[in-house]
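Chemist: Structure incoming, see below.
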Amino acid sequence: MTVKFFAYLREKEFAGTKELVLPPPPTVGALGEDLSRRFGPRFRGEFFSPAGDALGEKIIVLVNGRRVEFLSGLDTPLKDSDTVQIFPVVAGG
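For the sequence shown, position 79 (counting from the first letter as 1) is numbered 82 according to the working numbering, and the numbering increases by one without interruption.
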């Protein structure tokens with residue numbers, strides 16, 4: 004699958020686009036675990052809620068353009084052909 008990072012995530016150590024293959028069964032949660040191993044506790048703290056059972060409040064994850072909150076959350080299945088986009092939540096004024 005293709006994983007794309009946006010905004011400050013793209014500018015930091017998570018830079019750009021990654022091509023990943025996850026062991027079965029690939030899910031958004033498994034992707035978060037894999038990326039947390041690669042990028043460390045700071046990424047994990049943003050990707051997951053403090054309890055680790057939901058997405059963190061500072062991140063938006065899309066699978067093929069659809070928010071995972073409206074799919075199956077961390078249990079959303081992933082395929083090799085999927086594009087996952089990861090955005091930080093931003094506010095403006």
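All C-beta atoms, glycine included, are put in the ideal place defined by N, C-alpha and C.
Keep in mind that this is a model prediction, so the values were computed, not measured.
Helix, strand or coil: which one does DSSP assign to Glu-36?
Modeler: It is helical.
Chemist: For Leu-58, write down the residues that DSSP places opposite it in a beta bridge.
Modeler: Note: Leu-58 sits in a beta bridge opposite Phe-51.
Chemist: Give the DSSP-derived three-state secondary structure of Val-64 in the structure shown.
Modeler: Three-state result, Val-64: strand.
Chemist: Quick one: what does DSSP say Pro-80 is sitting in, helix, strand or coil?
Modeler: DSSP places Pro-80 in strand when its eight states are reduced to three.
Chemist: Use the C-beta contact count for Thr-5: other C-beta atoms within 10 angstroms, 16 or more gives buried, fewer gives exposed.
Modeler: Thr-5 is exposed by the Cβ-count criterion.
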